[in-house]
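Okay, structure first, notes after.
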Amino acid sequence: MALLDWYEQRRALRGRSHRARPSLVRHADFREHGGFEAMASLLADADLDAVFVANNLMTVGALECLVQQGVQVPREMGVVGFDEIPWATLVRPSLSTVAQPSYEMGKTAGELLTTRPHRARPVGRDHRAAHDS
């Protein structure tokens, strides 16, 4: 399950005086099936009481796996997803999510690009070679 990438996991845990454990990171596709498979793998390999999942589609798959395994959410397993989608509140138990304000981030990026003075900035090795000659 693409929980947090290794660097972000270490940084998040360091602030809580915990050590990151690579054995708890699962990589899967970002859809329900990937979340299901990753959750099944975690349940088989680790004693957990909570997971952080990369997006809500994967979270739905992880929840489906937990239900099939008889794990009660949130009593026995806390589940937090990353990504905010409108139907997250329809899933039972409802999903806890970390919101990513995609629209606002895109709008701000567009505003910054349109208000920033245009400067042609060469990129890459070709510029250095032409400049140095």
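Under this note's numbering, read the sequence shown as residues 601 to 733, first letter to last.
Just so you know, even glycine gets a beta-carbon here, dropped at the ideal spot from N, CA and C.
Keep in mind the model is a prediction, meaning the values are calculated, not measured.
Here Met639 really is in contact with Leu666; their C-beta atoms are around 6 Å apart, less than 8 Å. Between Val653 and Val680, the C-beta gap is smaller than 9 Å, which places the two residues in contact. By the CB criterion at 9 Å, Pro693 and Val673 fall inside the cutoff. Residues Gly661, Ala662, Glu664, Cys665 of the same chain have their beta carbon placed closer than 8 Å to that of Phe636, with the five preceding and five following residues left out of the count.
Met705 and Asp683 have their C-alpha atoms roughly 13 Å apart. Between the alpha carbons of Asp647 and Arg626 lies a distance of about 15 Å. The region 637-705 contains, as complete alpha helix (DSSP H) runs of 4+ residues, the segments 656-668 (chain order).
Taking the Cα positions, Glu676 is about 32 Å away from Ser702.
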